[in-house]
Amino acid sequence: MAQFDDTAKRRIRFLTRRGLLELDILLGRFMATRFQHLSDDELAVFVEILDLPDQEFLALVNQHQKPERPEFEPLLEKIRQS
16 MAQFDDTAKR RIRFLTRRGL LELDILLGRF MATRFQHLSD DELAVFVEIL DLPDQEFLAL
76 VNQHQKPERP EFEPLLEKIR QS
């Protein structure tokens, strides 16, 4: 299991800056309300989700596409609820 220190969390915050306004808005809300409460396991999944191309990420958040990895779904739901 990966451990995320403050430096790693700052890097993740930087990665949430996306090219799509819709994602910036969703992720901004998520980062403001839920990010600080994520476990290290959830942070590892979040980093994997952030590695996705913007269009695919947005399709997953908007439920226009199902995630290939089932472990993405709980975190995507948290992003949707933010």
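Numbering of the sequence shown is given in the working numbering, commencing with residue 16 and proceeding in unit increments.
Every residue, glycine too, gets a C-beta built ideally from N, C-alpha and C.
Values in this document were obtained by computation on a predicted structure and should not be read as measured data.
- Just so you know, the alpha carbons of ALA17 and LEU30 end up roughly 17 Å apart.
- A direct Cα-Cα distance of roughly 23 Å separates ALA23 from ARG84.
- The beta-carbon separation of LEU38 and PHE72, rounded to 6 Å, stays under the 8 Å limit for a contact.
- Between LEU67 and PHE61, the C-beta spacing is not below 8 Å.
- A straight line joining the alpha-carbon of SER97 with that of LEU75 spans about 15 Å.
- In the assembly as shown, ILE94 is a buried residue. Its beta-carbon has 16 or more other beta-carbons within 10 Å.
- The beta-carbon separation of ARG25 and MET46, rounded to 12 Å, does not stay under the 8 Å limit for a contact.
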